[in-house]
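J.: Residue numbers for the sequence shown follow full-length UniProt numbering, beginning at 1 and rising by one.
Note that the Cβ used here is the ideal one computed from N, Cα and C, for glycine as well.
Quick caveat, the model's predicted, so the values are computed rather than measured.
Got a structure for you, written out below as structure tokens; questions coming shortly.
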Amino acid sequence: MSQITTQNLNGTSIQIEILNEKLIKPSLPTPNHLNSYKLSFFDQIAPNFAVPLLYFYPPVPPENSHLQRDEEVHKQLQNSLSEVLTKFYPLAGRLSEDGTSIECLDQGVIYLEAKVNCQLNEFLDKAYKDSDLVKIFVPPIRIRLAELPNRPMIAIQGTMFEHGGLALAVQIVHTLGDGFSGCAITDEWAKVSRMEKGDVRNLQFRSDLGEVFPPRDNIFEMIKKGRPRGYEMKIATRIFMFDEIAISKLKENVNKSMSHSSRVEVVTALIWRSLMRVVRLRQGHNRPSILQFAINLRGRGSPKVVGEDQNFFGNFYLDIPIKYVSSHSNQDPELHEIVTLIRNAKNKVLSEIANASSEEIFSILIESLNQIREGYNDDEIDLYPTSSLCRFPLNESDFGWAKPIWVSRVNVPFQMFFLMDSKHGIEARVCLNEDDMIKLEKDVDIVEFSYVPK
């Protein structure tokens with residue numbers, strides 16, 4: 001097969017050519033007793049889209065003599081992927097017609113072999129400034145939830161650059177798993193590729209999330225309708241880098257008023273406060289603001305309910321609404337106030353989760369989601385979803401010749417910001433309506449504590 005995708009790069013046309021499409025199946029058949037993987041109610045309400053992560057790798061060094069040709073790199077990636085699918089067997093399955101389980105009959109995942117007509121460094125120089133460029137490496141295959149029965153739930157594309165280098169795109173439908181699960185898959189795949197596999201049948205994740213938190217027939221009747229702001233706007237995306245020196249200054253400032261603030265807390269609080277300041281510039285006064293904050297629930301549930309080992313595969317996180325209402329129409333809150341607000345809201349929910357039954361956790365989930373949806377629908381409130389992949393082993397995924405130079409997410413068509421670890425601190429990818437982005441780039445805190453990659 002041959003399919004060509006073209007994108008303009010500052011006057012230069014970038015072309016990606018799909019050379020081959022393969023269906024990769026598990027190296028060993030899935031046992032009969034694992035042929036049906038029950039989804040949980042967390043999986044049922046996961047966002048209706050795929051979640052791509054892109055890993056950019058340097059050229060294979062000469063000492064890796066067995067990987068000097070593109071075909072050899074693809075073969076190693078595909079063979080190791082086949083072994084990993086034996087462990088993460090739901091990945092190779094298909095969503096059932098009723099949407100409550102995955103039929104695990106080793107149907108396989110899509111792997112695309114591709115090439116691009118530019119060099120890796122040339123691309124990265126531009127991509128840091130124009131974050132939308134990375135989407136050209138995402139597999140051109142729709143795997144939205146409504147289209148999933150009888151279709152693959154994961155698509156992977158390995159794209160070779162001129163003179164060496166690889167862009168590896170891993171696109172998993174959100175129904176299958178959250179960021180934790182996606183990172184675990186790639187991390188394990190990389191270990192197998194570099195021959196650290198051990199016993200692929202020695203499962204290191206729990207596959208019974210759907211037994212602990214079973215799916216609900218009427219779940220969507222309980223959830224209010226609504227979606228994040230921005231679909232009707234022109235969205236601009238910028239990457240802001242917070243190095244460790246800037247993060248240390250922020251923590252030092254915050255820790256004068258509270259103890260032990262984290263890297264993620266201070267960066268999240270600073271960005272949220274800057275977004276509130278942008279709104280004030282636009283509206284002339286402060287408005288109520290909600291942060292939609294994602295919490296990984298692994299290790300947070302009651303052992304009596306979920307067991308001691310809570311390393312679940314799937315979606316096991318909770319979005320909570322954190323609301324800030326200013327008592328002054330034209331003043332900023334102190335940064336430690338925002339950090340305290342975030343921490344207190346998180347700790348309150350986690351204290352409830354720690355002793356809650358499965359049914360009580362379901363109630364907490366529905367209540368939080370409906371409060372968020374109410375915020376989506378209230379024009380007098382600004383709401384910003386955020387998520388963090390900090391401390392996940394994204395930058396450690398070495399497939400046998402090097403760790404990635406850069407790991408990137410893909411921009412979303414609504415207002416949101418993501419945090420990820422970078423080599424020197426934290427990378428924040430902010431998606432915001434175009435007019436507000438112009439103001440955000442000039443915000444005093446953004447200018448002082450962050451920089452745009454060169």
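Indicate whether at least one CB of chain D lies closer than 8 Å to the CB of Leu394.
T.: As a matter of chain content, chain D is missing from the structure shown, which is built from one protein chain.
J.: So what does Asp421 bridge to, in DSSP terms?
T.: DSSP, once it has assigned bridges, lists Ile426 as partnering Asp421.
J.: Taking Ser13 as the reference, give the member of His66, Phe56, Phe123 with the closest Cα.
T.: The shortest Cα separation from Ser13 among His66, Phe56, Phe123 belongs to Phe123.
J.: Quick one: measure Cβ to Cβ for Met416 and Arg409, integer angstroms, because I've assumed they're closer than 8 Å.
T.: Between Arg409 and Met416 the Cβ distance is about 10 Å, and since that is not below 8 Å, they are no contact.
J.: Is DSSP giving Ala294 helix, strand or coil here?
T.: Correct three-state label for Ala294: strand.
J.: With respect to the alpha helix (DSSP H) encompassing Gln371, which residues constitute its N-terminal and C-terminal limits?
T.: Start and end: 358–377.
J.: May I have the straight-line CA-CA distance separating Asn253 from Ser422, to the nearest angstrom?
T.: The alpha-carbon atoms of Asn253 and Ser422 are separated by roughly 22 Å.
J.: In the DSSP assignment, find the unbroken alpha helix (DSSP H) run with Glu448 in it and report its ends.
T.: Where Glu448 is concerned, the enclosing alpha helix (DSSP H) stretches over 444–449.
J.: Taking 8 Å as the cut-off, decide whether the C-beta atoms of Arg238 and Ile426 are in contact.
T.: Contact flag unset, no.
J.: Could you tell me which uninterrupted beta strand (DSSP E) segments, each at least 3 residues in length, are contained entirely in the segment 147–234, listed from first to last along the chain?
T.: Whole beta strand (DSSP E) segments, 3+ residues: 154–162, 166–173.
J.: Could you tell me whether the segment 342–353 touches the segment 309–323, using the rule of 3 or more Cβ pairs below 8 Å?
T.: Output reads yes: the segment 309–323 touches the segment 342–353.
J.: Considering Ala92, what are the terminal residues of the alpha helix (DSSP H) in which it resides?
T.: That residue, Ala92, is in no alpha helix (DSSP H); it is neither H nor E in DSSP.
J.: Give the range of the alpha helix (DSSP H) segment to which Thr340 is assigned.
T.: Start and end: 335–354.
J.: Across which residues does DSSP place Ala263 in a beta bridge pair?
T.: Note that residue 263 is Arg in the sequence shown here, rather than Ala. Note: Arg263 sits in no beta bridge, so no partner.
J.: Under the assumption that Leu335 contacts Ala269 (Cβ atoms under 8 Å), give the Cβ distance between them as a whole number of angstroms.
T.: Leu335 to Ala269, Cβ: 6 Å. Contact.
J.: Would the segment 220–233 count as touching the segment 296–315 if we require 3 or more Cβ pairs under 8 Å?
T.: The segment 220–233 vs the segment 296–315: no contact.
J.: Run through the DSSP bridge pairs and tell me what Lys38 is partnered with.
T.: For Lys38, which the question treats as bridged, DSSP gives the partners Ser101.
J.: Compute the distance between the beta-carbons of Ile290 and Leu383, then report whether it is under 8 Å.
T.: Yes, the Cβ-Cβ distance between Ile290 and Leu383 is below 8 Å.
J.: Are the CB atoms of Ile338 and Trp272 nearer to each other than 8 Å?
T.: Going by C-beta atoms, Ile338 is nearer than 8 Å to Trp272.
J.: I think Trp406 touches Val60, with their Cβ atoms under 8 Å apart; what is that distance to the nearest whole Å?
T.: Contact flag wrong, Cβ pair sits at about 17 Å.
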